[in-house]
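In order, the protein sequences belong to chains D and H. Numbered according to UniProt numbering, the first sequence spans residues 1 to 111. Numbered according to UniProt numbering, the second sequence spans residues 1 to 111. Remarks on the structure that follows.
Number of protein chains: 2
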Amino acid sequence: MATDPLSLVFAALADPTRRAILARLAEGEATVKELSAPFAMSGPAITKHLHVLERAGLITRGREAQWRPCLLSAAPLREVSAWAENFRQFWDASYTRLDALLEEMKEQSDD
Amino acid sequence: MATDPLSLVFAALADPTRRAILARLAEGEATVKELSAPFAMSGPAITKHLHVLERAGLITRGREAQWRPCLLSAAPLREVSAWAENFRQFWDASYTRLDALLEEMKEQSDD
DNA sequence: AGAGTGCCTAACCGCTCGGTTAATTAACTA
DNA sequence: TAGTTAATTAACCGAGCGGTTAGGCACTCT
Chain D
1 MATDPLSLVF AALADPTRRA ILARLAEGEA TVKELSAPFA MSGPAITKHL HVLERAGLIT
61 RGREAQWRPC LLSAAPLREV SAWAENFRQF WDASYTRLDA LLEEMKEQSD D
Chain H
1 MATDPLSLVF AALADPTRRA ILARLAEGEA TVKELSAPFA MSGPAITKHL HVLERAGLIT
61 RGREAQWRPC LLSAAPLREV SAWAENFRQF WDASYTRLDA LLEEMKEQSD D
């Protein structure tokens, strides 16, 4: 797998379980057990998902007695948003209409 | 791999080669050969990347003689942006300060 | 000290990914 | 018709993913 930061973040987000974990963490800190509750999945599987999220910088982890609380760390999502925004003109309807207009004008001037 | 639409898109974006291909297509239609030019990679490798992008709905493909031109189809990126925006409050500095303030107030009222 | 809880590591499994080379299809060109 | 170019498919490979079970460590509770 690619190891550059943005690729790590996108790869981490390419799994519904991990996106659900992030959504849960948006409501506040949680333990591994709390995070695993909604899923029909073993503990180690959740631990692996958390490791992927941590490597992507999307969560940080603490220690409190036998618990290892997870905390959302959303900064990398700003990069995701910024990257996608570069393409806004290609999905925004008004831009599409503008593009079509410019294309028409160009074709007319080419005649 | 997960096969839900958003996961397919994130997975497609989790590779620098594919992101570079999308950036190139933002400048306009291109053939497979044109797309493969910047990369030290065989043709079939590019074909596979294009297949991943097509399955994610990020490109569409045409036919012109022996060429199979690729066209950017950025609509799925709107979903990516929208998903990330749900977390804006967690990376935006002003929101962070607001959160800290609210936390302080809460702690004081708890005393 | 002993039992129970929370979480992790280790080892394993089937599958997919990202790449290769070789062969093939499809279209243009001389 | 033969040759060239564009792109694909097929078969293969090493590595990593996403999951499992088994076992172990750290901490709390009695």
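Glycine included, each C-beta is placed from N, C-alpha and C at the ideal position.
Let's test the definition: count the other Cβ atoms within 10 Å of the Cβ of residue i and tell me whether it reaches 16, buried, or not, exposed.
i, result
"Leu71/H", "exposed"
"Ala65/D", "exposed"
"Asp111/H", "For Asp111/H, the pLDDT reaches just 47, beneath the cut-off of 50, and the residue's location in the model is therefore unreliable, although a value from the coordinates is still provided. Looking at its Cβ environment, which holds fewer than 16 other Cβ atoms inside 10 Å, Asp111/H is exposed."
"Asp4/D", "exposed"
"Arg88/H", "exposed"
"Ala14/H", "buried"
"Arg18/H", "buried"
"Ala23/H", "exposed"
Provide the residue(s) that pair with residue i in DSSP beta bridges, ordered along the chain.
i, result
"His67/H", "Residue identity check: residue 67/H is Trp in the sequence provided, not His. Its beta-bridge partners are Glu64/H."
"Ile59/D", "Leu72/D"
"Ala30/D", "Cys70/D"
Can you tell me where the alpha helix (DSSP H) with residue i in it begins and where it stops?
i, result
"Ala23/H", "16-25"
"Pro5/H", "5-13"
"Phe90/D", "88-91"
request  = Anything in the region 7-24 of chain H with a Cβ closer than 9 Å to a Cβ of chain D? List those residues in chain order, please.
outcome  = Ser7, Leu8, Val9, Phe10, Ala11, Ala12, Leu13, Ala14, Asp15, Pro16, Thr17, Arg19, Leu22, Ala23
request  = Determine which residues of the region 46-57 of chain H have a Cβ less than 7 Å from any Cβ of chain D, and write them out in chain order.
outcome  = none
query = Do the region 40-60 of chain H and the region 34-49 of chain D make contact, defined as three or more Cβ pairs closer than 8 Å?
reply = no
query = If you measure beta-carbon to beta-carbon, which residues of the region 74-86 of chain H are closer than 7 Å to chain D?
reply = Ala74, Ala75, Leu77, Arg78, Val80, Ser81, Ala84, Glu85
key: Touching by the beta-carbon criterion (3+ pairs, under 8 Å), the region 68-86 of chain D and the region 8-25 of chain D   = yes
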